[in-house]
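Number of protein chains: 2
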Amino acid sequence: CISQDIDHILETQSALAVDLGGTNLRVAIVSMRGKIVRKYTQSNPKTFEARMQLMLKMCADAMQDTVSLNCRILGVGVSTGGRVNPQEGVVLHSTKLIQEWSSVDLRTPISDALHLPVWIDNDGNCAALAERKFGHGKGVENFVTVITGTGIGGGIIHHNELVHGSTFCAAELGHIMVSLEGPECSCGSTGCIEAYASGLALQREAKRLHDEDQLKVDGLDMKLTEPITAAHLINAARLGNSKADAVLNKASTALGIGIINILHIVNPTLVILSGVLASYYQAPVKRIILERALDSAQKIEVVTTDLEEPALLGAASMVLDYATRRLY
Amino acid sequence: CISQDIDHILETQSALAVDLGGTNLRVAIVSMRGKIVRKYTQSNPKTFEARMQLMLKMCADAMQDTVSLNCRILGVGVSTGGRVNPQEGVVLHSTKLIQEWSSVDLRTPISDALHLPVWIDNDGNCAALAERKFGHGKGVENFVTVITGTGIGGGIIHHNELVHGSTFCAAELGHIMVSLEGPECSCGSTGCIEAYASGLALQREAKRLHDEDQLKVDGLDMKLTEPITAAHLINAARLGNSKADAVLNKASTALGIGIINILHIVNPTLVILSGVLASYYQAPVKRIILERALDSAQKIEVVTTDLEEPALLGAASMVLDYATRRLY
Ligand SMILES: [Ca+2]
Ligand SMILES: [Ca+2]
Ligand SMILES: [Zn+2]
Ligand SMILES: [Zn+2]
């Protein structure tokens with residue numbers, strides 16, 4: 116019967132999703148229903164050559180597995196850090212978080228190797244696509260997602276579509292600046308919210324406090340041995356370490372003000388936080404909006420994602436939404 | 116002949132434009148070609164009652180004049196400070212720059228008095244509409260206009276349309292924050308670019324320097340008597356007053372970073388500066404973009420408007436573009 120046929124299609128038709136991040140290189144087989152059927156993770160190599168080679172090998176290995184998994188792959192969706200031209204399938208430029216990653220044509224080598232259509236966008240935009248298809252953004256005309264992980268990224272949905280901007284530099288939310296000076300950022304500027312509130316920024320501050328012997332506090336059950344991370348800072352603050360608390364307050368204020376700037380520019384109805392720090396930042400961001408946003412922007416909802424893998428799911432969604440139309 | 120008929124239509128069919136600003140209340144008769152046929156200026160009363168009364172009287176007087184001017188008025192376009200719901204024709208909320216100006220239905224009383232359709236939007240959005248119809252924004256799919264006058268406002272055109280946002284709070288560009296603390300703003304927050312770089316902010320700093328006896332400098336040909344204004348500050352800086360220069364540098368940096376935040380969020384191809392301080396700010400804003408924006412955002416053009424009255428022309432353009440369609 117037809118409904119069984121449809122079930123079968125939804126379960127077997129799949130996308131190959133690739134996520135090129137500051138830390139890891141990941142590949143996943145994602146079904147049309149948004150289920151991650153299998154996932155492969157390696158650390159992302161530091162050089163262009165090694166990265167391309169590993170990515171193609173991981174894709175080929177995954178394609179091999181699809182036969183026994185009974186998955187038909189419709190295409191490849193790639194999420195990557197950096198600015199991307201999705202029409203051309205090219206990474207235009209990346210910050211230092213991914214080295215040797217400028218003017219890289221990703222579509223041609225992947226398509227040549229796998230004989231499949233290839234879609235590419237940056238990780239923030241992919242996360243927004245994932246929220247639109249599978250997450251809190253379903254049916255929401257105007258929303259923003261902000262990813263607070265190693266770095267900070269994001270994507271903007273306006274009138275149900277991604278805002279790419281005229282040079283594919285829209286929604287570079289990590290590089291919203293909230294200080295005339297402020298800490299140095301991976302982009303070469305200073306005062307970006309990524310330099311205040313990302314995982315790397317908090318780790319930098321945690322290490323600084325640790326070096327000054329100011330991170331330890333009674334009750335801290337994490338070992339103060341390397342690597343010192345943002346988690347040490349958050350735990351220390353919860354246990355009453357006022358220096359750690361001050362660092363986190365500043366980070367939260369910076370992130371909150373950055374998000375208010377988004378509200379005062381595109382005024383969405385919903386902000387979706389994702390990334391490892393999302394649940395930590397949700398409450399302070401709400402508080403700062405109440406303190407400092409215009410009255411008319413106060414109605415915004417701030418939620419945390421319920422998707423496990425926004426970047427991979429968004430990469431897959433480009434394939435699943437467009438595969439029958441072949442629209443880049 | 117038809118072309119003469121069309122010429123006649125373009126010259127006689129007109130809009131009544133109203134501009135409610137922090138300082139003045141203005142009314143103008145604007146022809147379909149964008150010519151200001153006649154303009155009326157009064158200071159904007161400080162109370163709601165007086166303001167409404169004066170606005171209706173100025174509109175009625177202008178309508179009287181249209182007979183002898185041979186102008187047929189198609190409708191009324193209103194530009195005002197504050198957040199506006201253009202569908203309802205209501206001013207939702209305004210900062211302290213215009214007092215007693217929240218939850219004000221402007222459409223009903225004007226329409227009742229003049230028996231004409233009425234369009235309303237805020238001054239920044241009107242300026243963007245004016246640029247789209249008559250100015251540098253003609254045919255540009257994605258651009259932003261930033262008005263640096265008494266306050267700071269602006270409007271965003273994305274895919275040829277205004278971005279209003281979900282609660283009509285988009286493009287509140289004056290309240291982009293570029294500091295975790297920073298000077299107090301008329302909106303109740305701190306660190307907004309309006310609090311650093313508007314005419315009022317520069318006047319505040321000029322007065323402060325004057326009170327400290329630090330504004331005067333050899334060669335200054337403006338009298339240092341009240342009112343001390345932004346112009347005194349700019350002149351003093353040009354004559355080598357380093358304190359005045361430092362104030363202006365900070366203001367320019369704040370404005371430049373605010374504009375970069377717009378680039379990193381919506382990434383337009385063009386920024387159009389208008390308002391009395393536009394020509395002063397053009398060069399430093401360009402410089403700060405080169406210093407601090409992402410590579411991918413560097414291609415932006417920054418120009419100053421060549422329109423004399425963006426707010427009035429934009430108010431008129433709502434009438435001229437929509438009068439035959441009656442679309443609010
Ligand atoms: Ca992005
Ligand atoms: Ca505006
Ligand atoms: Zn940055
Ligand atoms: Zn403000």
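Protein sequence lines correspond, in order, to chains A and B.
For the first sequence, our numbering assigns the number 443 to the last residue and increments by one with no breaks.
For the second sequence, our numbering assigns the number 443 to the last residue and increments by one with no breaks.
A virtual CB, placed ideally from N, CA and C, is assigned to each residue, including glycine.
What are the boundary residues of the beta strand (DSSP E) that includes residue i?
i	result
A:H208	205–208
A:L388	385–389
A:Q214	Careful: A:Q214 lies outside any beta strand (DSSP E) and carries neither H nor E.
A:V199	198–200
Which of helix, strand or coil does DSSP assign to residue i?
i	result
A:Q179	helix
A:N275	coil
A:A430	helix
B:Q168	helix
A:I415	coil
A:C116	coil
B:G306	coil
A:Q329	coil
A:K154	strand
A:M292	strand
B:G137	coil
A:T263	strand
A:R187	strand
B:E320	helix
A:D122	helix
A:G314	helix
B:M173	helix
A:C284	coil
B:G149	coil
A:G239	helix
B:D421	coil
A:T127	helix
B:D436	helix
A:L244	helix
A:D336	coil
Leaving out five residues before and five after residue i in sequence, what residues of the same chain have Cβ atoms less than 6 Å from its Cβ?
i	result
A:S294	G306
A:L363	A352
B:M444	The shown model of chain B, from 116 to 443, leaves out residue 444 of chain B, and the question about it has no answer.
B:F258	G252, I272, P383, L385
A:V261	G269, L288, L388
A:L244	G429, S432
A:R187	T127, Q128
B:A132	A143, V145, G192, L427, A430, A431
A:D122	none
Tell me which same chain residues have a C-beta within less than 7 Å of the C-beta of residue i, skipping the five on either side of it?
i	result
B:I308	I267, G289, I291, V293, A369, L370, G373
B:Q168	none
B:K211	S301
A:L229	C174, M178, V191
Suppose the cutoff is 8 Å on Cβ atoms and the five residues either side in sequence are ignored; what does the same chain contact list for residue i look like?
i	result
A:E299	T305, A310
B:V205	V199, S218, V219, D220, L221, R222, I235
A:N139	T156, Q157, S158, N159
A:I415	L378, P383, T384, L385, V386, I404, A408
Across which residues does DSSP place residue i in a beta bridge pair?
i	result
B:W234	B:G192
A:A143	A:A132, A:K154
B:E299	B:T305
B:G250	Answer is none; B:G250 lacks a bridge partner.
A:G268	A:I262
A:V219	A:V206
Taking the continuous alpha helix (DSSP H) assigned at residue i, which residues delimit it?
i	result
B:T223	222–229
B:V381	357–381
A:A345	345–353
B:V400	393–407
So which residues on chain D does residue i lean against when the C-beta distance must stay under 7 Å?
i	result
A:V191	No chain D appears in this structure, whose protein chains are A and B.
Does the Cβ of residue i lie closer than 6 Å to at least one heavy atom of ligand 5?
i	result
A:C300	Questions concerning ligand 5 fall outside what the structure shown contains, since the ligands it does hold are ligand 1, ligand 2, ligand 3 and ligand 4.
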